[in-house]
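4 protein chains.
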Amino acid sequence: MSAHEKSLTGVLPPVPTPFGPHGEVHHRALADNLQRWNTYRLSGYVLLGSNGETVYLTHDEKLALLETARKAIPPHKWMIAGTGGESTRATIQLTRQAAERGADAALVITPHFYGGKMTAEALTGHYFAVADASTIPILIYNVPKFTHIDLDSETVARMAEHPNIIGIKDSGGNISKIADMVRRTGKEFHILAGSGGFFFPALAVGAVGGIMAVANIAPQQVLDIYHLFTKGLISETAELQRKIIPLNGAVTARFGIAGLKAALDMLGYDGGPVRPPLTELDAREREMLRAILVDAEIIQAK
Amino acid sequence: MSAHEKSLTGVLPPVPTPFGPHGEVHHRALADNLQRWNTYRLSGYVLLGSNGETVYLTHDEKLALLETARKAIPPHKWMIAGTGGESTRATIQLTRQAAERGADAALVITPHFYGGKMTAEALTGHYFAVADASTIPILIYNVPKFTHIDLDSETVARMAEHPNIIGIKDSGGNISKIADMVRRTGKEFHILAGSGGFFFPALAVGAVGGIMAVANIAPQQVLDIYHLFTKGLISETAELQRKIIPLNGAVTARFGIAGLKAALDMLGYDGGPVRPPLTELDAREREMLRAILVDAEIIQAK
Amino acid sequence: MSAHEKSLTGVLPPVPTPFGPHGEVHHRALADNLQRWNTYRLSGYVLLGSNGETVYLTHDEKLALLETARKAIPPHKWMIAGTGGESTRATIQLTRQAAERGADAALVITPHFYGGKMTAEALTGHYFAVADASTIPILIYNVPKFTHIDLDSETVARMAEHPNIIGIKDSGGNISKIADMVRRTGKEFHILAGSGGFFFPALAVGAVGGIMAVANIAPQQVLDIYHLFTKGLISETAELQRKIIPLNGAVTARFGIAGLKAALDMLGYDGGPVRPPLTELDAREREMLRAILVDAEIIQAK
Amino acid sequence: MSAHEKSLTGVLPPVPTPFGPHGEVHHRALADNLQRWNTYRLSGYVLLGSNGETVYLTHDEKLALLETARKAIPPHKWMIAGTGGESTRATIQLTRQAAERGADAALVITPHFYGGKMTAEALTGHYFAVADASTIPILIYNVPKFTHIDLDSETVARMAEHPNIIGIKDSGGNISKIADMVRRTGKEFHILAGSGGFFFPALAVGAVGGIMAVANIAPQQVLDIYHLFTKGLISETAELQRKIIPLNGAVTARFGIAGLKAALDMLGYDGGPVRPPLTELDAREREMLRAILVDAEIIQAK
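Residue numbers (our numbering), protein chains in the order written: chain W, 2 to 303; chain L, 2 to 303; chain Z, 2 to 303; chain F, 2 to 303.
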């Protein structure tokens, strides 16, 4: 089954990278986690995203991880690989290597280190060069929290004209801009919410799915938002959306990847440690996190 | 009819302050504009808001303007007065004076000049003191674009506990936060979108109305969004929402109050000049604005 | 003695506004404080600056305060009045009224509420209009911490061409920009440091004085920095500059105006309360402040 | 001669990485450039800094570049290698490999991708782990323009307690903070200005040198600032400092690395192209750059 036969809609978790006791990538843990996620109606997964600590992985670790993941991900589910680096040439290289390892699409973050020089023209040139050189379709990844760059809808619309640029993961959450991207682009351009905090409103204005950290720990709840919305049950969707916000906040801005991994551990997945300089949650933070999971009815009170 | 008998839902334009040829407040123009807006099913008006150039008005001008407006606004429509200043004492004084002139509620902006010291505690103290001293109900006004302060949902929920604080106009547009405010507060706390750019998504997550500059120039379109939404016609609402975005942008971030007033002039209202240091649109900007109005089908092409 | 006969160099404190037990302006306290400051070789004072809580004062309070101050300030010392408001017309009016009450110059803050529209052109228009209409010379006041606007050196140089715009108080502290303003302007344009944190480096690159909160509580130390510098004793100046930084921080960013007033109280001046929504220091903050004053050898340990 | 026998003072350019016609690292061009810079009294060089486009280089390219550079840099001059990555483990590895290739010290940028989690504790843990594991001394690299992280002086002072952390390159330019770092640290901690825009003021408050892009194109002018300052010729130093600001701006914020490389080409060095997504200067920008070089008397008018 090729990427073009799958529909890029619905819910895709950006999965964390498990590390073993010596800090090495823990392949079996990743495979085990994916097996469990496979039991949900998730449309696929993002590997090597920002929740995957990809900036902490070596080139070889990235390639090996994709091989492990592809074996664990059934062909009818998307495997999207985060392949964006700072340079166009490195992004092209990794995108090709990801394609060779079975990635269905590449998620390409906006280069950002020289932020002042990342003009619309420079960024469009980057995405066009990557899309030209890639055998798999490209998704733009806009995440101002990490990059301090926020693509405007006009620039995204220009990028969307490239036939091999098929969508965007927008984690900025400017809902007016998301609506405007829908307005400016066609049906074949897939706009995906980048955080569970605004999944329903993004769907409401025309997004077709989401790539959201919270889907790692609450896949069913996030799928429920999606399916209730597609059935037109608006007030029920809104209710679920509001309910998931504290949980979403806990595994993103508040406790970060360390919180996401700790939550996975509490839920019986293999979360494991983060790589330094990220730091683990302390005991008090773990209790706060646990209380949020209990409130969200993801785990039971002790 | 008292404020408590009106429902604070639906659409309220924050009306601009017309100035005459010598820069003085043009009372008849204001009354005339209101007469025309009165023909729509608008729930009421905000006077002395940020679109009203209130920071450019003297204390006496503000009071006189409220008197003129109240005469032109029928009793069953809200007259909400922007009464927030930097100091608590000045805010209390103006709020009382606005109530004496028939304001149904006061819209109180977050004090912001000493932004670093405007802690949640300082701001809560301010709003509680004003709400205690006021005979009319208080609406919080959160507008980070102008104040560089963005109230979080936890602080708003704390403020909402005061019986005389009945809602918030949120112009920040963080849709996840708007959803979270709905989650944290009760039915009697009215959450109003502060910009037309996210009116529908705000309604979708639980807001009950909006105070939006674009409602000055396109009242029917904004009312249509509201009424289509309340009828559950989601995809039609989304379509209208997306369509209104360029128009909304033109009279807010892009061309500002000068653009809003120029658009009113084009539509046959009395917009008039802005007060310096604001500057008027140049010829090219006016043509761009006109083109946007034509595209939005608000005026006809020449 | 006219303003033109005084030299706008050296050290000028921006004095706080004392309030009495009921929150009213405490004129005698102001006069008493000025009497004591008059014993130092300060070049003058700024009244109605941001340290004077001017945004919390009514128009009438401002005028009365200037009258009190002028009586307490000897003719050979500058009385500079903060007269900048949001509108050009209000700024012109207050500048004229300040001149009538004996102000030697007006310190005009950048209008900032509609920050996105305060282009270089809008701001230049504002300053030129005020300077044209004023009988006393104008000083630009650039304070990004409060206004979120930071004038660039090119715009300042353009403003400096107006014969009645005689200088700038720059509180932003971008030392490269301060050097560049010196480069771009002539000797008759007075560049004054707006914070004690960078007084010496500003002098080193060509500033001629400073208007600094810390000069209220440590006038002699700040004067020493100025006089050691003018004598060419660079390493001694640097030593003093470094030493004053914690003290400066305590009465600016860290504890704000409440801290400045509390420090004045500890030193035997009449600081008094702040106006809400500003909040007073709590007991722990007061102890921290006291410790900093002791470390700086401004007061003795208890 | 070991690193401990050299003095880490004076002027060190952060050299760009020349690329050849196919985008590959151009080793001979680098060696040639270094030969020419060796004729000045520069204290050494930074390789793999942000001006070296290090984020665009592969691991292998970095190691090869250090080998080439070490051969071209005489033993009595510092070769400082930018070895900081996002993860602690990658930073340790590259630091060791740089040491093996003759680097005298490592310049370690603050990790920043997960900016919200880069607390003082996380960053201190990172620097301590790297310093512990490194055989060569560590310099902190604080560059908020690129990282959106600005270390405060208290955190830097804590890091400075580690015996193998010998200094900081501070590109933020907060001169008050630079003074405060001098105050809080001892003589053995070397504070270096990170931009030519504030070199003299940094020296004035106690910095001992600078690592500045402008030193690539105007080494003698920057050395003159340093030597005039050390001779106590303050007004002459200030004059030179002011004069160099437009030149410094041209090869940093204004035209970036593409501007730096274009200027090197104009001066007869081998600047060459930048790697995409950075873009080259267009014809108009090149003319503006040339005019600035002429004004600065670095090249002659055509």
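All C-beta atoms, glycine included, are put in the ideal place defined by N, C-alpha and C.
In this text the structure is predicted, and so the values were computed from the model without any measurement.
task: Using a Cβ-Cβ cut-off of 8 Å, state whether Glu62 of chain W counts as contacting chain F.
output: The beta carbon of Glu62 of chain W sits no closer than 8 Å to any beta carbon of chain F.
- prompt: What residues of chain F sit near Phe199 of chain Z, judged by a beta carbon separation below 7 Å?
  reply: Result: Ile176 and Ser177.
- prompt: In the segment 207–267 of chain Z, which residue ranges form an unbroken alpha helix (DSSP H) of at least 4 residues, counting only runs that do not cross its ends?
  reply: Here the runs fully enclosed are 215–218, 220–231, 235–250 and 257–267.
message: Is it buried or exposed, Asp133 of chain W, if we count other Cβ atoms within 10 angstroms and call 16 or more buried?
response: Per the 10 Å Cβ criterion, exposed.
message: Strictly below 9 Å CB to CB, what residues from chain L border Val183 of chain W?
response: Correct list: Ala239 and Arg243.
query: Taking the runs of the beta strand (DSSP E) that are 3 residues or longer, which of them lie wholly in the segment 15–60 of chain Z?
result: Correct list: 45–48.
query: Does the segment 178–189 of chain L come close enough to the segment 241–253 of chain W to have 3 or more Cβ pairs within less than 8 Å?
result: Taking a cut-off of 8 Å on C-beta distances, the segment 178–189 of chain L touches the segment 241–253 of chain W, as three or more cross pairs fall below it.
query: So Asp133 of chain L is in the alpha helix (DSSP H); what residue range does that whole segment cover?
result: Bounds of the alpha helix (DSSP H) holding Asp133 of chain L are Ala121 to Ala134.
message: Rounded to the nearest angstrom, what separates Pro164 of chain L and Asp153 of chain L at their Cα positions?
response: Rounded to the nearest angstrom, the two C-alpha atoms are 20 Å apart.
query: Relative to chain W, which residues along the segment 254–287 of chain L have a C-beta separation below 7 Å, given in chain order?
result: So nothing in the stretch comes that close.
query: What in chain Z is Cβ-close to Val144 of chain F, meaning under 9 Å?
result: Per Cβ cutoff of 9 Å: no residues; Val144 of chain F is ~15 Å from chain Z at best.
- request: Keeping to the same chain, check which residues put their C-beta closer than 8 Å to that of Ile167 of chain F; ignore five residues upstream and five downstream.
  value: Leu9, Ala106, Pro138, Ile139, Leu140, Glu189, Phe190 and His191.
message: Is the beta carbon of Asp33 of chain L closer than 8 Å to that of Asp271 of chain L?
response: Yes, these two residues count as a Cβ contact at 8 Å.
field: Distance, Leu58 of chain W Cα to Lys91 of chain W Cα
entry: It should be pointed out that residue 91 of chain W corresponds to Ala in this sequence rather than to Lys. Straight through space, the alpha carbons of Leu58 of chain W and Ala91 of chain W are spaced by roughly 14 Å.
message: Measuring alpha carbon to alpha carbon, tell me which residue in F:Thr186, F:Ala208, F:Ala158 and F:Trp38 is nearest Ser172 of chain F.
response: Measuring C-alpha to C-alpha distances from Ser172 of chain F to each of F:Thr186, F:Ala208, F:Ala158 and F:Trp38 identifies F:Ala208 as the nearest.
message: Going by DSSP in three states, Ile179 of chain Z sits in which element: helix, strand or coil?
response: Of the three classes helix, strand and coil, the one that applies to Ile179 of chain Z here is helix, per DSSP.
- prompt: What residue range is occupied by the uninterrupted alpha helix (DSSP H) comprising Asp296 of chain W?
  reply: Residues Ala284 to Asp296.
- prompt: Taking just the CA atoms, how far does Val252 of chain L sit from Ser177 of chain W?
  reply: Each residue's Cα considered, the two are about 15 Å apart.
query: If you compare alpha carbons, which of L:Ala100, L:Thr84 and L:Gly233 is closest to Ser236 of chain W?
result: The residue from L:Ala100, L:Thr84 and L:Gly233 with its alpha-carbon nearest to that of Ser236 of chain W is L:Gly233.
task: Taking only beta-carbon positions, decide if Gly195 of chain F is within less than 8 Å of chain Z.
output: Judged by the 8 Å Cβ criterion, Gly195 of chain F is not in contact with chain Z.
- prompt: Going by other Cβ atoms of all chains shown within 10 Å of its Cβ, with 16 needed for buried, is Lys262 of chain Z buried or exposed?
  reply: With 16 or more Cβ atoms within 10 Å of its Cβ, Lys262 of chain Z is classed as buried.
task: Please go through the same chain and pick out, in chain order, the residues whose beta-carbon is closer than 6 Å to the beta-carbon of Ser88 of chain L, but skip the five residues on each side of it.
output: A distance below 6 Å between beta-carbons, with the five flanking residues on each side excluded, links Ser88 of chain L to no residue of its chain.
- prompt: Is it true that the CB of Ala216 of chain Z sits closer than 8 Å to the CB of Ala297 of chain Z?
  reply: Taking 8 Å as the Cβ cut-off, Ala297 of chain Z and Ala216 of chain Z do not qualify as a contacting pair.
task: Measure the C-alpha to C-alpha separation of Val275 of chain Z and Val12 of chain W and round it to an integer number of angstroms.
output: So the two alpha carbons sit approximately 53 Å from each other.
message: Pairs of beta-carbons, one from the segment 18–33 of chain L and one from the segment 53–69 of chain L, closer than 8 Å: are there three or more?
response: Yes, since at least three Cβ pairs between the segment 18–33 of chain L and the segment 53–69 of chain L fall closer than 8 Å, the two stretches touch.
field: Nearest to Thr84 of chain L (by Cα), restricted to the options L:Leu224, L:His77, L:Glu101 and L:Ala73
entry: The residue from L:Leu224, L:His77, L:Glu101 and L:Ala73 with its alpha-carbon nearest to that of Thr84 of chain L is L:Glu101.
- request: Check the Cβ of Pro19 of chain F against every Cβ in chain W and list those closer than 8 Å, keeping chain order.
  value: In chain W, no part has a C-beta under 8 Å from the C-beta of Pro19 of chain F; the shortest such distance is about 16 Å.
message: Counting only Cβ-Cβ distances shorter than 8 Å, please list the residues of the segment 204–232 of chain W near chain L, keeping chain order.
response: Hits within the stretch, in order: Ala205, Val206 and Gly207.
- prompt: Excluding five sequence neighbours on each side, which residues of the same chain lie with their C-beta closer than 7 Å to the C-beta of Val131 of chain Z?
  reply: Within the same chain, Val131 of chain Z has close Cβ partners Thr89, Thr92, Ile93, Thr96, Val109 and Ile139.
message: Relative to the C-alpha of Phe201 of chain Z, which candidate in Z:Val223, Z:Val295 and Z:Thr186 has its C-alpha closest?
response: When the alpha-carbon of Phe201 of chain Z is set against those of Z:Val223, Z:Val295 and Z:Thr186, the nearest one is in Z:Val223.
field: Option in F:Thr125, F:Pro19, F:Tyr115 and F:Asn249 with minimal Cα separation from Glu155 of chain F
entry: Minimum Cα distance to Glu155 of chain F is reached at F:Thr125.
Lys170 of chain Z: first and last residue of the uninterrupted beta strand (DSSP E) it sits in: Looking at the DSSP string, the run of the beta strand (DSSP E) that includes Lys170 of chain Z is Ile166 to Asp171.
query: Can you name the residues of chain W whose CB is closer than 8 Å to the CB of Tyr46 of chain F?
result: Contact note: Tyr46 of chain F does not reach chain W at a C-beta cutoff of 8 Å; the least C-beta distance is about 21 Å.
Whole-angstrom distance between Glu122 of chain Z and Gly273 of chain L, CA atom to CA atom: So the two alpha carbons sit approximately 21 Å from each other.
query: According to the neighbour-count rule (16 or more other Cβ atoms, all chains shown, within 10 Å of its Cβ), is Lys303 of chain Z buried or exposed?
result: Classification for Lys303 of chain Z: exposed.
task: Run down chain F in chain order and give the residues with a C-beta less than 8 Å from the C-beta of Phe147 of chain W.
output: Per Cβ cutoff of 8 Å: Phe114, Tyr115 and Gly116.
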